[in-house]
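**Q** Protein chains in written order, with my numbering: chain A, 789 to 1045; chain B, 457 to 666. Yeah, the Cβ is synthetic: ideal placement off N, Cα and C, and Gly gets one too. Pasting a structure below so you can have a look.
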């Protein structure tokens, strides 16, 4: 199991709250629940199958191997399929790890995006400044790790364009995002530089609604939905692996499509 | 190897003919493990966003929750695919598929179905498959290919867009994946029942001989 490293800019209290929320549910950590009848599993894992922790560590190792396979499969020039307006799902489903009543409220007037890490220009970006950058629109399919999918229309700034403007070190390995309510997620640089990876400011032709990630979210049609963070407050360029909110709980890190 | 040694090898050949060679028995039992893991974890993944108005009972799923099920699924996929490729490759190279599974004639299927329904389908010679066995073993091979390809299409609908397109897109691939699973599970139920009806067939899959 990966050790949770301290994450820059994350509210430690929120992390503890998350952990406390997760602890009472015994099934969350017991990946082997319902699997003990499978006697032959020992052959696969090479360890005592009753020892759930070591089975989990083997599974996580294979998941890391799958990260490598996916990075190798990823074609930086291949675009995700785009759709006509008629394919857009309305109303577009709201999905988060919190209920709709807990949607973070961010004041757009006061909003400033922190740009940190391996970048030359570390100034904060207001919503107005982001809106003044060249905008692009994409109609693409968002695929959730749960299996469902929906086509939506997102408008915003190419992340690669932004990274070039702030003179980010494009040879760095990762771009990390911190969200208003403590969610955090990290992506690989090749995906960050993909032409369809977007700093989204509008959804379906209108300013982002709070439930879709106001004031700014990251839209990545080449990754699963949970790798598309909402209410992004900080963007960090770096070489350090920082996991992610869901990834630390067992979801695959690369999660490419 | 000397001529004497070669003769000595021949002389110790077992008298009862081998019905199932070692490679087949090994790939068969590895496949059992892979199918159990893939199906159990697949049901848990299905439950996260069901295609139909039902879910699989938690007691028969594997992984405990979605992330655990996904870890199992994307680990065992390697076992299932690599083992499956070895099986198909050896099945073709050794001529076993051609000898055992072909030819498959519609007329024979009708005749053998009638016999089976009367409970009169003979299983004397385990080395010779009747038309229903051929149909089922070939059918489950096709289902195996569909389940792998539709699974890849769902896993990588952007990178393998051509594969997703082959199934009619990401959403359609989910249905192909589900029905291919259902075919494999259906086959397995009948297969296991028959193994108990004809116990020497089960013995042959362990020892290689009847």
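1. Note down the Cα distance separating residue 1041 of chain A from residue 665 of chain B, rounded to an integer number of angstroms.
2. By how many angstroms is the C-alpha of residue 1035 of chain A removed from the C-alpha of residue 849 of chain A?
3. Please state the DSSP three-state secondary structure of residue 1006 of chain A.
4. At a cut of 8 Å, does the stretch 513-533 of chain B reach the stretch 486-503 of chain B through at least three beta carbon pairs?
5. What are the boundary residues of the alpha helix (DSSP H) that includes residue 965 of chain A?
6. Taking Cβ-Cβ distances shorter than 7 Å, what residues in chain B pair up with residue 863 of chain A?
7. Would you verify that the beta carbon of residue 1038 of chain A is, or is not, closer than 8 Å to some beta carbon of chain B?
8. Report the residue ranges of all alpha helix (DSSP H) runs contained in full by the stretch 848-921 of chain A; include only those spanning at least 4 residues, in chain order.
9. Does any C-beta atom of chain A lie closer than 8 Å to the C-beta of residue 608 of chain B?
10. Any idea which residues DSSP pairs residue 974 of chain A with across the strands?
11. Which same chain residues end up closer than 8 Å to residue 852 of chain A when comparing Cβ atoms and leaving out the 5 residues on each side of it in sequence?
12. Looking at chain A, which residues of the stretch 488-510 of chain B have a Cβ within less than 9 Å of any of its Cβ atoms?
13. Within 10 angstroms of the Cβ of residue 862 of chain A, are there 16 or more other Cβ atoms? Answer buried if so, exposed if not.
14. At the level of alpha carbons, what is the spacing between residue 823 of chain A and residue 476 of chain B?
15. For the beta strand (DSSP E) that contains residue 938 of chain A, what are its first and last residues?
16. Can you give me the Cβ contacts of residue 913 of chain A inside the same chain, cut-off strictly under 8 Å, excluding the 5 residues immediately before and after it?
17. Any beta carbon of chain A sitting closer than 8 Å to that of residue 575 of chain B?
18. From residue 597 of chain B to residue 567 of chain B, what does the alpha carbon distance come to, in whole angstroms?
19. Examine chain A for any beta-carbon lying closer than 8 Å to the beta-carbon of residue 527 of chain B, and answer yes or no.
20. Could you tell me which residues DSSP pairs with residue 589 of chain B in its beta bridges?
21. Report the neighbours of residue 914 of chain A on chain B: residues whose CB is nearer than 8 Å to its CB, in chain order.
22. Could you check if residue 573 of chain B is buried or exposed, using at least 16 other CB atoms within 10 Å of its CB as the buried criterion?
23. Take the Cβ of residue 1025 of chain A as the centre, count every other Cβ of all protein chains shown within 10 Å, and call the residue buried at 16 or more, exposed below.
24. So, does the CB of residue 883 of chain A fall closer than 8 Å to a CB anywhere in chain B?
25. Assign residue 927 of chain A to one of three DSSP states: helix, strand, or coil.
26. Mind checking if residue 823 of chain A is an interface residue toward chain B, Cβ cutoff 8 Å exclusive?
**A** Looking at the coordinates:
1. 47 Å
2. Their backbone Cα atoms lie some 13 Å apart in a straight line.
3. In the three-state scheme derived from DSSP, where H, G and I count as helix and E and B as strand, residue 1006 of chain A is classed as strand.
4. yes
5. Here residue 965 of chain A belongs to no alpha helix (DSSP H); instead the beta strand (DSSP E) covers 962-967.
6. 615
7. yes
8. 915-919
9. no
10. A/964
11. Cβ-Cβ distances below 8 Å link residue 852 of chain A to 1041 in the same chain, with the five nearest sequence neighbours on each side left out; the list follows chain order.
12. Listed by position along the chain: 488, 489, 490, 492, 493, 496, 497, 500, 501, 502, 504, 505, 506, 507.
13. buried
14. Note that residue 823 of chain A scores 42 on pLDDT, short of 50, meaning its location in the model is unreliable and no value can be drawn from it.
15. 937-946
16. 900, 901, 903
17. Not one chain A Cβ lies under 8 Å of residue 575 of chain B.
18. In a straight line, the C-alpha of residue 597 of chain B is about 23 Å away from that of residue 567 of chain B.
19. Yes, contact with chain A.
20. When beta bridges are read from the DSSP output, residue 589 of chain B appears opposite no residue.
21. Residues of chain B passing the Cβ test: none, with the nearest at roughly 33 Å.
22. Exposed: under 16 other Cβ atoms inside 10 Å.
23. buried
24. Look at residue 883 of chain A: its C-beta is not under 8 Å from any C-beta on chain B.
25. Assignment of residue 927 of chain A by DSSP, reduced to helix, strand and coil, places it in the strand class.
26. Any reading at residue 823 of chain A is ruled out, since the residue's pLDDT is 42, under 50, leaving its predicted position unreliable.
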